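Residue numbers (this note's numbering): 6 to 189.
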């Protein structure tokens, strides 16, 4: 849960973008790092680096956000978070996942979980109509949940935003993704 006044890096992904064995191995690595006494934030950062590298290298799962209409729908919903009180510092939409850097002001009664659940629901409703032939009605559009990493300070925020903005290039995506209009 994101306490008011906090900034966080959030990763949302489509189902099937990581094999179950990979997610289990990543979770085991995180538990082991925490069991060895590694500082919680440092363990979370190490987990995120491995998690994101696995997502970037994934060859399985849907890549729905290659479709500009779907990416546009997600970008619009991300920007709507600002109308609910969040500050959207930046985001990147990649073919099978998205990164958001969000700040919840100190005097807000909003909850990150509620806002992300609504983002999942609203984008799923719009995107399902666009991918209907490819996605059976009983299949989820989003992988349930998300990964979030609290941003410790202004210096870390600068590094996180640079990372998010360079994500398409870092992931080795074609030039059209590096000029992707869905990076803020």
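Ideal placement from N, C-alpha and C gives every residue a C-beta, glycine not left out.
Quick caveat, the model's predicted, so the values are computed rather than measured.
DSSP places residue 57 within a helical segment (H, G or I) once states are collapsed to three. Per DSSP, the beta bridge partners of residue 12 are 108. Distance from the CA of residue 56 to the CA of residue 75, rounded to the nearest whole angstrom, comes to 23 Å. Counting of Cβ neighbours within 10 angstroms places residue 37 among the exposed residues, the total staying below 16. Short of 7 Å from the beta carbon of residue 69, and not among the five residues preceding or following it, lie these beta carbons of its own chain, in chain order: 19, 75, 132, 136. For residue 94, the enclosing beta strand (DSSP E) covers residues 92-98. Annotation note: the segment 16-49 contains the following uninterrupted alpha helix (DSSP H) runs of length 4 or greater, listed N- to C-terminal: 25-40.
Contact between residue 83 and residue 105 is confirmed by a C-beta separation of about 6 Å, below the 8 Å threshold.
Inter-residue distance for residue 47 and residue 16 is about 17 Å (C-alpha atoms, whole angstroms). Residue 103 has 17, 98 as its beta-bridge partners, per DSSP. DSSP, reduced to helix, strand and coil, places residue 138 within a helical segment of the structure shown.
DSSP, reduced to helix, strand and coil, places residue 125 within a helical segment of the structure shown. Its Cα nearest to that of residue 126, the residue 146 stands out among 151, 77, 146, 101. Of the candidates 103, 67, 134, 103 places its Cα closest to the Cα of residue 152.
Residue 154 is bridged by DSSP to 14. Residue 81 has its alpha-carbon roughly 29 Å from the corresponding atom of residue 49.
The C-alpha of residue 99 lies about 18 Å from the C-alpha of residue 154. Under the three-state reduction of DSSP, residue 52 is assigned to helix.
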